[in-house]
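Novice: Encoded as structure tokens, here's the structure I'll be asking about.
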Amino acid sequence: MSTEAAKLSGLSAKIDNKRKRQAEESSKQAGPATGNAEGPSNKKRKNGKSKPKKGGKDKKDKPQQDASEKEQRDVKQTETKGGIDEAIGKMDGRLLADHFMQKAKRHNKELTAVELSDLSVPESSFLDTSSFDLPRQLEKLPAFLKAFSPKGSDLSKPSEEKGTPHTLVVCASGLRAADAVRALRTFQTKESPIGKLFAKHIKLEEAKQFLERSRIAIGGGTPARISDLIDTGSLKLGELQRIVIDGSYVDQKQRGIFDMKETHLPLLKLLTRSEFRERYGAEEKRIQILIF
Numbered sequence: 001m002s003t004e005a006a007k008l009s010g011l012s013a014k015i016d017n018k019r020k021r022q023a024e025e026s027s028k029q030a031g032p033a034t035g036n037a038e039g040p041s042n043k044k045r046k047n048g049k050s051k052p053k054k055g056g057k058d059k060k061d062k063p064q065q066d067a068s069e070k071e072q073r074d075v076k077q078t079e080t081k082g083g084i085d086e087a088i089g090k091m092d093g094r095l096l097a098d099h100f101m102q103k104a105k106r107h108n109k110e111l112t113a114v115e116l117s118d119l120s121v122p123e124s125s126f127l128d129t130s131s132f133d134l135p136r137q138l139e140k141l142p143a144f145l146k147a148f149s150p151k152g153s154d155l156s157k158p159s160e161e162k163g164t165p166h167t168l169v170v171c172a173s174g175l176r177a178a179d180a181v182r183a184l185r186t187f188q189t190k191e192s193p194i195g196k197l198f199a200k201h202i203k204l205e206e207a208k209q210f211l212e213r214s215r216i217a218i219g220g221g222t223p224a225r226i227s228d229l230i231d232t233g234s235l236k237l238g239e240l241q242r243i244v245i246d247g248s249y250v251d252q253k254q255r256g257i258f259d260m261k262e263t264h265l266p267l268l269k270l271l272t273r274s275e276f277r278e279r280y281g282a283e284e285k286r287i288q289i290l291i292f
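Following UniProt numbering, the numbering of the sequence shown begins with 1 at its first residue and continues without gaps.
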């Protein structure tokens with residue numbers, strides 16, 4: 001019996017060892033398989049995270065961004081076309097007076113309420129030109145002047161007194177004023193040249209001498225130089241009927257004569273001179289402001 005038991009015990013041990021080997025082999029085979037199953041899964045999850053582009057913006061955001069930028073460009077183009085701010089020409093006297101004052105407050109925050117009041121341009125000074133439906137580009141400036149001058153008036157005819165224009169065209173810069181003078185040559189005659197009332201390449205003394213010897217009907221210039229010539233007494237205002245402001249034009253940076261303190265403040269100081277202010281709305285020798 002003991003021999004038989006020993007045999008059974010040995011056989012049982014062999015079977016257990018065989019099972020252990022089989023289990024180990026199965027474990028080895030299952031290990032790589034399991035590793036492969038988890039490997040791609042982990043890799044997939046890792047790669048599944050979308051990497052943001054430079055700037056932190058995803059492709060999905062680009063169409064929305066492009067649409068937003070396009071909308072902003074469209075709005076800007078609607079307000080400003082070809083260097084012209086179309087909104088300015090649509091304002092009547094009340095809106096223009098308010099526009100002037102709002103710009104004055106923005107550019108001159110250091111001024112008191114009393115000082116700002118001294119720079120206010122009255123509503124009665126403006127002639128409503130919103131009915132002019134042509135583009136407010138310089139080549140249309142002669143047509144603009146004709147449209148808002150008394151019927152049958154000769155804009156080429158100067159006063160008998162030298163240096164006494166009936167029309168002043170005011171621009172933001174000397175370069176722009178020079179362009180305006182060229183556009184106004186249709187009104188120029190041998191007896192009456194268009195006055196160059198700006199500082200670009202023209203000294204104050206030279207401009208003064210020109211006015212003292214010339215009969216002019218129209219002059220184009222900048223606010224500061226026009227004020228200086230009035231102060232010298234060479235630019236006379238006895239026959240002045242209209243001040244035309246080149247207000248719709250904007251430069252490459254979308255800035256017009258109202259948008260910069262260095263141009264807007266001299267403009268206000270010019271328009272609120274006592275020689276002008278007392279004639280705004282007057283029955284005789286009235287002066288009107290026209291915004292081109």
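Using N, Cα and C, we set each Cβ at its ideal position, and we do this for glycine too. Being a predicted model, the structure only gives us computed values, none of them experimental.
DSSP has residue 249 in a bridge; who is on the other side?
Specialist: By 1-based counting over the sequence shown, the position of residue 249 is 249. Per DSSP, 84.
Novice: In the DSSP assignment, the alpha helix (DSSP H) including residue 211 goes from what residue to what residue?
Specialist: Position 211 of the sequence shown, counted from the first residue, corresponds to residue 211. Taken as a continuous stretch (DSSP letters only), the alpha helix (DSSP H) holding residue 211 covers 204 to 213.
Novice: Cα-Cα, which of 240, 205, 109, 244 is closest to residue 223?
Specialist: The residue you call residue 223 lines up with position 223 of the sequence shown. Here the closest residue by C-alpha is 244.
Novice: Counting only the same chain and skipping the five closest in sequence on each side, list residues whose C-beta sits under 8 Å from that of residue 123.
Specialist: To locate residue 123, count along the sequence shown from 1; it is residue 123. Excluding positions up to five away in sequence, the list reads 93, 94, 96, 97.
Novice: Under 8 Å: do the region 155 to 165 and the region 268 to 285 share three or more Cβ pairs, one atom per stretch?
Specialist: Contact fails: fewer than three Cβ-Cβ distances are below 8 Å.
Novice: Grouping DSSP H, G and I as helix and E and B as strand, with all else coil, what is residue 233?
Specialist: As a first step, residue 233 must be located in the sequence shown, where it is residue number 233. In this structure, residue 233 counts as coil in the three-state DSSP scheme.
Novice: Among the candidates 249, 86, 217, whose CA atom is the shortest distance from the CA of residue 239?
Specialist: The sequence position of residue 239 within the sequence shown is 239, counting from 1. Of 249, 86, 217, the residue nearest in Cα terms is 217.
Novice: Output the boundary residues of the alpha helix (DSSP H) element that contains residue 102.
Specialist: Residue 102 sits at position 102 when you count from the first residue of the sequence shown. Segment 93 to 107, the alpha helix (DSSP H) holding residue 102.
Novice: My assumption, with CB atoms under 8 Å, is that residue 221 sits in contact with residue 197. Please give the rounded CB distance.
Specialist: On the sequence shown, residue 221 is found 221 positions in, with the first residue counted as 1. On the sequence shown, residue 197 is found 197 positions in, with the first residue counted as 1. Right, the Cβ-Cβ distance comes to about 3 Å (below 8 Å), so this counts as a contact.
Novice: Under 8 Å Cβ to Cβ from residue 130, same chain only, skipping five residues before and after it: list those, please.
Specialist: Along the sequence shown, one-based indexing puts residue 130 at 130. Taken in chain order, the residues that qualify are 89, 90, 91, 92.
Novice: From residue 250 to residue 230, what does the alpha carbon distance come to, in whole angstroms?
Specialist: Locating residue 250 in the sequence shown gives position 250, where the first residue counts as 1. Locating residue 230 in the sequence shown gives position 230, where the first residue counts as 1. Approximately 27 Å, taken between the alpha carbons.
Novice: Tell me, please, whether the region 202 to 219 touches the region 253 to 264 by the rule of three or more beta-carbon pairs shorter than 8 Å.
Specialist: Taking 8 Å as the limit for Cβ pairs, the verdict is that the region 253 to 264 does not touch the region 202 to 219.
Novice: Assign residue 167 to one of three DSSP states: helix, strand, or coil.
Specialist: Taking the sequence shown and counting its residues from 1, one reaches residue 167 at position 167. Three-state result, residue 167: strand.
Novice: Who are the near neighbours of residue 172 in its chain, counting only those whose CB is closer than 6 Å to its CB and skipping five residues on each side?
Specialist: Locating residue 172 in the sequence shown gives position 172, where the first residue counts as 1. These residues qualify, in order along the chain: 257, 263.
Novice: For the beta strand (DSSP E) containing residue 290, list its first residue and its last residue.
Specialist: The residue given as residue 290 occupies position 290 in the sequence shown. That run of the beta strand (DSSP E) goes 288 to 291.
Novice: Using a Cβ-Cβ cut-off of 6 Å (strictly less than) and excluding sequence neighbours within five positions of residue 242, which residues of its own chain qualify?
Specialist: Counting from one through the sequence shown, the residue named residue 242 turns up at place 242. The residues are 167, 288, 290.
Novice: Based on DSSP bridge pairs, tell me the residues matched to residue 244.
Specialist: For this step, residue 244 is matched to residue 244 along the sequence shown. DSSP, once it has assigned bridges, lists 169, 290 as partnering residue 244.
Novice: Can residue 158 and residue 192 be called in contact, C-beta distance under 8 Å?
Specialist: Here residue 158 corresponds to residue number 158 of the sequence shown, with the count starting at 1. Here residue 192 corresponds to residue number 192 of the sequence shown, with the count starting at 1. Yes, they are a contact pair.
Novice: My assumption, with CB atoms under 8 Å, is that residue 119 sits in contact with residue 104. Please give the rounded CB distance.
Specialist: The residue labelled residue 119 in the question sits at position 119 within the sequence shown. The residue labelled residue 104 in the question sits at position 104 within the sequence shown. So it is a contact: roughly 5 Å between Cβ atoms.
Novice: Is there a C-beta anywhere in chain B that falls below 8 Å from the one on residue 124?
Specialist: The chain labelled as chain B is not found in the depicted structure, where only one protein chain is given.
Novice: Going along the chain, which residues of its own chain have a beta-carbon closer than 7 Å to the beta-carbon of residue 292, five neighbours each way excluded?
Specialist: The sequence position of residue 292 within the sequence shown is 292, counting from 1. Excluding residues within five positions, the ones whose Cβ falls inside 7 Å are 136, 141, 144, 244, 245, 246, 247, 248.
Novice: Taking the C-alpha atoms as reference points, what is the distance between residue 156 and residue 189?
Specialist: Indexing the sequence shown from 1 puts residue 156 at position 156. Indexing the sequence shown from 1 puts residue 189 at position 189. Rounded to the nearest angstrom, the two C-alpha atoms are 7 Å apart.
Novice: Give a yes or no on whether the C-beta atoms belonging to residue 261 and residue 107 are separated by under 8 Å.
Specialist: Within the sequence shown, numbered from 1, the residue matching residue 261 stands at position 261. Within the sequence shown, numbered from 1, the residue matching residue 107 stands at position 107. In contact: residue 261 and residue 107 (Cβ atoms closer than 8 Å).
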